[in-house]
Amino acid sequence: MTENPFFKPSTLVYELPPFAEIREEHYLPAFERGMAEQLAEIGEITTNQEPPTFENTLIALERSGALLRRVRVVFQNQSSADTTPGVDRVDAEISPLLAAHRDAIHLDAALFARVEELYARRAELGLDPESLRLLERWHTAFVRAGARLDADRQQRLRELNAELATASAVFRQNVAADSNARALVVDSAEELAGLSPDEIAAAAENGRALGHDGRYVLSLKNFSNQSELASLTDRSVRERLLAASLGRAVATNGPLAIRMSALRAERARLLGYDTHAAYVVADETAGSVDAVDALLARLVPPAVANARREAAELAKLAAADGIEEIAAHDWAYYSEQVRQSSYQVDAGALRPYFELERVLRDGVFFAANLAYGVTFTERTDLVAYHPDVRVFEVFEEDGRPLGLFLGDFHARASKRGGAWMDELVTQSGLLGQRPVVYNNLNVARPAPGEPVLLSWDEVRTLFHEFGHALHGLFSDVRYPYFAGTDVPRDFVEFPSQVNEMWMVRPEVLANYARHHVTGEPLPAELVERMAAAEGFGQGFRTVEYLAAALLDWAWHSVPEGQEVADAEEFEATALAKAGLSVAAIPPRYRTAYFSHIFSGGYSAGYYAYIWSEVLDAETVDWFERNGRSVRESGEVFRRELLSRGDSRDALESFRAVVGRDPQPGPLLARRGLA
Numbered sequence: 000m001t002e003n004p005f006f007k008p009s010t011l012v013y014e015l016p017p018f019a020e021i022r023e024e025h026y027l028p029a030f031e032r033g034m035a036e037q038l039a040e041i042g043e044i045t046t047n048q049e050p051p052t053f054e055n056t057l058i059a060l061e062r063s064g065a066l067l068r069r070v071r072v073v074f075q076n077q078s079s080a081d082t083t084p085g086v087d088r089v090d091a092e093i094s095p096l097l098a099a100h101r102d103a104i105h106l107d108a109a110l111f112a113r114v115e116e117l118y119a120r121r122a123e124l125g126l127d128p129e130s131l132r133l134l135e136r137w138h139t140a141f142v143r144a145g146a147r148l149d150a151d152r153q154q155r156l157r158e159l160n161a162e163l164a165t166a167s168a169v170f171r172q173n174v175a176a177d178s179n180a181r182a183l184v185v186d187s188a189e190e191l192a193g194l195s196p197d198e199i200a201a202a203a204e205n206g207r208a209l210g211h212d213g214r215y216v217l218s219l220k221n222f223s224n225q226s227e228l229a230s231l232t233d234r235s236v237r238e239r240l241l242a243a244s245l246g247r248a249v250a251t252n253g254p255l256a257i258r259m260s261a262l263r264a265e266r267a268r269l270l271g272y273d274t275h276a277a278y279v280v281a282d283e284t285a286g287s288v289d290a291v292d293a294l295l296a297r298l299v300p301p302a303v304a305n306a307r308r309e310a311a312e313l314a315k316l317a318a319a320d321g322i323e324e325i326a327a328h329d330w331a332y333y334s335e336q337v338r339q340s341s342y343q344v345d346a347g348a349l350r351p352y353f354e355l356e357r358v359l360r361d362g363v364f365f366a367a368n369l370a371y372g373v374t375f376t377e378r379t380d381l382v383a384y385h386p387d388v389r390v391f392e393v394f395e396e397d398g399r400p401l402g403l404f405l406g407d408f409h410a411r412a413s414k415r416g417g418a419w420m421d422e423l424v425t426q427s428g429l430l431g432q433r434p435v436v437y438n439n440l441n442v443a444r445p446a447p448g449e450p451v452l453l454s455w456d457e458v459r460t461l462f463h464e465f466g467h468a469l470h471g472l473f474s475d476v477r478y479p480y481f482a483g484t485d486v487p488r489d490f491v492e493f494p495s496q497v498n499e500m501w502m503v504r505p506e507v508l509a510n511y512a513r514h515h516v517t518g519e520p521l522p523a524e525l526v527e528r529m530a531a532a533e534g535f536g537q538g539f540r541t542v543e544y545l546a547a548a549l550l551d552w553a554w555h556s557v558p559e560g561q562e563v564a565d566a567e568e569f570e571a572t573a574l575a576k577a578g579l580s581v582a583a584i585p586p587r588y589r590t591a592y593f594s595h596i597f598s599g600g601y602s603a604g605y606y607a608y609i610w611s612e613v614l615d616a617e618t619v620d621w622f623e624r625n626g627r628s629v630r631e632s633g634e635v636f637r638r639e640l641l642s643r644g645d646s647r648d649a650l651e652s653f654r655a656v657v658g659r660d661p662q663p664g665p666l667l668a669r670r671g672l673a
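What follows is the structure, encoded as structure tokens:
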């Protein structure tokens, strides 16, 4: 094997990983050496004969594990964005080993003793606020990881963590495999009637790429209600598409979800909490199960009432087609008909105005420049992890380099569904590192030579994920523990949701929403009608989301010892109990493909999207009403919140921007729930 590129820091700009040199066979040796090196570094801390100090314990802890960090971020990226059977095998092998490695650190009695001694003397150490918070957060992390448990309970904790890590990797791989296997394949373009010509061409190209020459393939997005349901005129095709989506991985991941729920419940009890939900939320901004329960319970009745009013409107149109009762595969289609008839909005007619390159440069990047002064230069000389991926260098307003942004926008069989942001290099003053962040989307690839045209929802997703990217790029903290998006789970979606506002700001929209052939701007009255039509759909969207959030909450409110016999039965019972058993609106994610909570770090945390939206709605109001210019407001938001990461309490950062505690009023008004 050639020299392992992970064994030394990258010499590329911003320490961009040397993707041109990285091979699958490099991962496992790098993981093994990385874990061994970090444990040796921990050993140097714990065997130090000097009394514990902030420098010889906490700073040393922050500096440890450099090699492991280098390989972990690259592998995590490839396993999600461009996996292979070999990468999947490494994932299955390394996941429990990484869990055991984390336990070896958090359950190291000598290390915890040093941290606990410093914590007890923290008032006399004279630490600056960020350093004091580092000590406090590390201490909390050790306690929550089981550092105070006796030896027998720590051993059981290790076993639980290892099994959960393996199960998480298997769950993730099952979803990917079954999503690919259940892609809808049709024989003729006529079956896809209702889709735009570019969408049909993309389905043909997808068929060719997946080995179905001459046929048309609609690959499944990670959520339940596939976007094509709004346009397909053939009801039987709609039914087949939704059935394929809702049936993913039921046989394999249903039992796995039951097992993971039980393991998490046992672990929570071991750590002194009634449920996994109670364990998770105790360290979030919500603070308690009661706070989450109260918010969700407040939203359900008006959301269901809104949805039922919308259903009555849909039923009128469906009746004209001889449909007596709206089914789940009908809802999006007749919603689109309502938008066209009542609001004169045709979602398909919007696509020609949203060409990817223009949306990216003249929309997303333009808005970032408008609010924050940053600029973007494409670096075609830098090699990314896949030929699809583009690399941009980001500069401050005064020309100083800030970091790198990688954009990976297209769907492919080797990429998991959905959209996400992550980091390849985390900003840190201590380590002298500047950020390298990336966005992943799953936009269908058009036929050769055709433009990439986005739907309204894909434009929103692009702005949303770039909000996460800005959170990482603007990080300005000393310690890597606090950098970028490493904030409470119910706070992390807040900056990205705020960034969605630029999508429809008049000065931004006018700059990017132009017909890709004629150059004509998107008519202003069409934007107004689209906003009105979006208001009509809030009932559906809120119920769909709340059903998923409460399903997550139900799985993770199961106490230790309570047996669940069947995942689908549990799901149906949980939704009925929550008042969300609306047959025509399936949850945004069903249990068997709910990767957010069973393999993505959102367990008992999917409520975070609506919790963060409370903050987001208030902040959008603040941007519009605070009397400052957009650039001045952007500077405040960046300085007081985006740059801070978790270096101070998240709600303190929110208050530093808005000037008070969050209130739900703007969210309720936005969602039509006031």
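Reminder that position 533 of the sequence shown reads as 532 in numbering that gives the first Met the number 0, one-by-one numbering, no gaps. Just so it is clear, CB atoms sit at the ideal spot from N, CA and C, and this is done for glycine as well.
In angstroms, rounded to a whole number, what distance separates the CA positions of residue i and residue j?
i	j	result
residue 221	residue 331	17 Å
residue 415	residue 211	20 Å
residue 122	residue 57	16 Å
residue 285	residue 446	47 Å
residue 233	residue 442	23 Å
residue 189	residue 217	14 Å
residue 293	residue 613	14 Å
residue 662	residue 617	7 Å
residue 175	residue 82	10 Å
residue 329	residue 237	7 Å
residue 136	residue 408	35 Å
residue 491	residue 639	15 Å
residue 456	residue 381	30 Å
residue 734	residue 20	With the chain covering only 0 through 673, there is no way to say anything about residue 734.
residue 281	residue 287	6 Å
residue 398	residue 354	28 Å
residue 274	residue 302	27 Å
residue 29	residue 35	10 Å
residue 573	residue 553	6 Å
residue 269	residue 308	46 Å
residue 184	residue 154	49 Å
residue 358	residue 518	13 Å
residue 257	residue 590	10 Å
residue 449	residue 106	56 Å
residue 657	residue 666	15 Å
residue 628	residue 115	47 Å
residue 177	residue 384	25 Å
Using the DSSP secondary-structure output, state which residues sit across from residue i in a beta bridge.
i	result
residue 422	436
residue 400	394
residue 374	394
residue 520	513
residue 409	442
residue 216	184
residue 452	354
residue 427	432
residue 389	406
For residue i, count neighbouring Cβ atoms within 10 angstroms of its own Cβ and tell me buried if that reaches 16, exposed if not.
i	result
residue 336	buried
residue 393	buried
residue 48	exposed
residue 514	exposed
residue 646	buried
residue 379	exposed
residue 594	buried
residue 567	exposed
residue 318	exposed
residue 223	buried
residue 585	buried
The stretch 539–554 in contact with the stretch 387–394 per 3-pair CB rule at 8 Å: no
The stretch 498–508 touching the stretch 355–367, judged by at least three CB pairs closer than 8 Å: yes
At least 3 beta-carbon pairs within less than 8 Å: the stretch 82–99 vs the stretch 147–162: yes
Cβ contact check for the stretch 508–524 and the stretch 227–246: 3 or more pairs under 8 Å: no
Any 3 or more C-beta pairs closer than 8 Å across the stretch 449–468 and the stretch 494–504: yes
Runs of alpha helix (DSSP H) wholly within the stretch 263–349 (minimum 4 residues, chain order): 275–280, 288–319, 327–341, 346–349
Length at least 3, wholly inside the stretch 539–566: the beta strand (DSSP E) runs in chain order: none
Whole runs of the beta strand (DSSP E) within the stretch 165–203, excluding any shorter than 3 residues: 183–185
Cβ pair count under 8 Å reaching 3, the stretch 60–78 against the stretch 420–428: yes
The stretch 481–488 touching the stretch 425–436, judged by at least three CB pairs closer than 8 Å: yes
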